[in-house]
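What follows is a single structure, written as structure tokens, with notes after it.
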Amino acid sequence: MTTHDVSKMDSTVTDDLAAAVGESWAEVLGVAPGTPGTFLSLGGHSIAANRLRSRLARLGVTVTLTDLFDDPSLEDLLHTLRGRADTATDDQDEVSR
């Protein structure tokens with residue numbers, strides 16, 4: 079199993095992360111990969127949100143319930159995760175100086 083540390087993302091890991099999150103998203107919601115829509119419009123609810131969070135946690139990706147409801151599309155969620163990675167990388171750079 080691959081672990082994705084979003085604080086150390088390069089483009090390959092980012093692509094792997096997008097694939098892993100997208101696959102988990104589709105499986106939990108019971109939709110085909112790449113199906114457009116928001117978490118809620120695709121049938122997401124609190125139990126599905128917790129299932130998705132658990133699957134992603136096993137991959138080393140932390141997603142909160144707020145993330146799923148504030149960033150309701152898969153694209154929005156990935157944008158949030160990438161933003162965290164950029165912030166974490168910037169924070170690590172500051173610490174190492």
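Using the numbering used here, you'd call the opening residue of the sequence shown number 79 and step up by one each time. The beta-carbon is built from N, C-alpha and C at its ideal position, and this holds for glycine as well.
- Message: Between which two residues does the alpha helix (DSSP H) holding Thr-144 run?
- Response: 143–148
- Task: For Val-84, name the three-state secondary structure that DSSP assigns.
- Result: Note that Val-84 has pLDDT 40, beneath the 50 cutoff, so the model's placement of it is unreliable and no number is given.
- Coil, strand or helix - Thr-140 by DSSP: coil
- Query: When the Cα of Val-99 is compared with those of Glu-153, Asp-148, Ile-125, which residue comes out closest?
  - Reply: Glu-153
- Whole-Å CB distance - Leu-130 paired with Val-141, under 8 angstroms assumed: Correct: roughly 7 angstroms between the Cβ atoms.
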